[in-house]
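Position one of the sequence shown corresponds to residue 6 (the numbering used here), numbered consecutively onward.
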Amino acid sequence: MFNWFKNRRRKKYLEMEFSKEWLDILNKEMPLYITLNEQDKRELEATLKILYHEKEFIGAHGLLVTEEMKVLICAEASLLLLHRPKDYFPNVNTIVIYETTFCSEIRQPLAGGFSLSKKEARIGESNHHTKTVVLAWDSVKGQALNPHSGRNVVLHEFAHQLDSETGIVNGAPRLSSNSSYRAWANIMSSEFNHLKDDIKHHHKTFIDQYGATSGAEFFAVITESFFEKPITFKRKHPDLYDQLQGFYKQDPTSYVKR
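Set out below in structure tokens:
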């Protein structure tokens, strides 16, 4: 019964007109949208409408949440769902927006059951337990306008959300078939270890070194590069690129060439 109501509600959202105001925001502030073909634009717009209406947006410390903020965040998150079965990020209920970098409390486990608490500056955070994504608006907007920097906090945090749909955030998201997991595990593990070795020996890396933190961060970091630096990614890490192309059902090198 719940699914019936949910599907009926989504059908209503999809029937709503995509406003000129929203279209102007995408054309002015999301260059990646402009590179899509017309069919992909319509699909992204449809997904955006559902995310816009289903997710709650909260401004931190009294920040006024604007249409610009909601539309741009939903549009970038929608890019990850193109051509894929859509569950519309079921582990996200709330998106908290800070004006700029925020501090988050981190607990580091110590021996004897103790832990060390410290504060860390962040531009994004994802927590599938609380069903929350937290974003710094100045980073969201600045990175959206610079689509080939390899840095995109919305793609990064929502990649974590896709990863969480298995119940564990470990860099192994739900794949389309059981037979895909072995190749995924082998290639991801090999590339992850190569990254750690390159860092250890002070070699320059294409993949952001933050990806060596964990399997989860590796997946989120390479997702950013996949969409923002696809040509270089495909040349330097072809096997890894192929895995992401299979997962996301997209080839962003075709967007760059348009």
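Cβ coordinates follow ideal geometry from the N, Cα and C atoms, glycine included.
Keep in mind it's a predicted model, so treat the numbers as computed, not measured.
Check this for me: beta carbons of A141 and T171, under 9 Å apart or not? no
Burial state of I236, where buried means 16 or more other Cβ atoms lie within 10 Å: exposed
Which residues in the same chain as E196 place their Cβ atom closer than 6 Å to its Cβ, once the five residues preceding and following it in sequence are excluded? L245
Shortest alpha-carbon distance to N175 belongs to which of S181, W189 and N183? W189
Taking three-plus beta-carbon pairs below 8 Å as touching, is the stretch 143 to 153 in contact with the stretch 218 to 225? no
Between which two residues does the alpha helix (DSSP H) harbouring T237 extend? P235 to K241
Taking Cβ positions only, does A217 come closer than 9 Å to chain B? The chain inventory of the structure shown lacks chain B, comprising one protein chain alone.
Can you give the beta carbon distance from F231 to F238, rounded, assuming they're within the 8 Å contact cut? 6 Å
I believe L31 touches A80 by the beta-carbon criterion, under 8 Å. Please report the beta-carbon distance rounded to the nearest angstrom. 6 Å
How about E229 and G155: do their beta carbons lie closer than 9 Å? yes
Can you name the start and end residues of the beta strand (DSSP E) that Y38 belongs to? Looking at the DSSP string, Y38 is not in any beta strand (DSSP E); the run it does join, the alpha helix (DSSP H), is P36 to I39.
Would the stretch 17 to 35 and the stretch 45 to 55 be scored as touching if the rule is three or more Cβ pairs under 8 Å? yes
G67 - DSSP class collapsed to helix/strand/coil: helix
Got a sec? Which residues, its chain only, sit under 6 Å from F211 by beta carbon, not counting five neighbours each side? K241
Answer yes if the stretch 125 to 136 comes into contact with the stretch 57 to 73, meaning at least three C-beta pairs across the two stretches below 8 Å, and no otherwise. no
Could you check what DSSP says for N132 in three-state terms: helix, strand or coil? strand
By how many angstroms is the C-alpha of E104 removed from the C-alpha of S184? 44 Å
Could you give the residue range of the beta strand (DSSP E) that holds T99? T99 to Y103
Helix, strand or coil at K254 according to DSSP, with G and I counted as helix: coil
From L41 to M35, what does the alpha carbon distance come to, in whole angstroms? 11 Å
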